[in-house]
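Counting in the numbering used here, the sequence shown runs without a single skipped number right up to 104 at its last residue. All C-beta atoms, glycine included, are put in the ideal place defined by N, C-alpha and C.
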Amino acid sequence: MNSGLPDLDPPSAADEMALRERGQFTSLLLGAGVLIPLGLVVMAVMTGRHLWIVLLNLVGMYGGLFVMVRGWRHDRARLVTLGGWLMAGSLAMCLVVLSLLA
Numbered sequence: 003m004n005s006g007l008p009d010l011d012p013p014s015a016a017d018e019m020a021l022r023e024r025g026q027f028t029s030l031l032l033g034a035g036v037l038i039p040l041g042l043v044v045m046a047v048m049t050g051r052h053l054w055i056v057l058l059n060l061v062g063m064y065g066g067l068f069v070m071v072r073g074w075r076h077d078r079a080r081l082v083t084l085g086g087w088l089m090a091g092s093l094a095m096c097l098v099v100l101s102l103l104a
């Protein structure tokens, strides 16, 4: 029965800890998702090699980040998951291509 009232039961300590760990893990992944493509661009510019691959990775990673943020704003878990997979796939493809070309 849903009366429309908020849940008045206080969350347990384990629930609070799990939420805190999830938030920290998400922040770590987002930080890596922002900094890794920029680091790859800097390395590609400094070496002067494979810049086009790294720029495609940058577009893919930030495209996935955009999809994730849209998912959070509209409270759609599927968009958040899709954005995460786009970011991971873009990075994996970039690293595989770079290792094959090296």
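Based on Cα-Cα distance, which residue from G65, A79, Q26 lies nearest to A90? G65
contact_flag[the segment 80-99, the segment 57-64] where n(CB pairs < 8 angstroms) is 3 or more: Under the Cβ criterion (8 angstroms, minimum of three pairs), the segment 80-99 counts as touching the segment 57-64.
Take the Cβ of P39 as the centre, count every other Cβ of all protein chains shown within 10 Å, and call the residue buried at 16 or more, exposed below. That one is buried.
At the level of alpha carbons, what is the spacing between A79 and E18? Distance between the alpha carbons of A79 and E18: 20 angstroms.
Which first and last residues belong to the alpha helix (DSSP H) in which P107 is found? Since the first residue shown for the chain is 3 and the last is 104, residue 107 is missing from the structure and cannot be characterised.
Go ahead and label A20 buried or exposed: buried means 16 or more other beta carbons lie within 10 angstroms of its beta carbon, across all protein chains shown. It counts as exposed.
Under a Cβ-count criterion, where at least 16 other Cβ atoms within 10 Å of its own Cβ denotes burial, should V69 be classed as buried or exposed? buried
Look at the alpha carbon of L102 and the alpha carbon of R51, and state the distance between them as a whole number of angstroms. 13 angstroms
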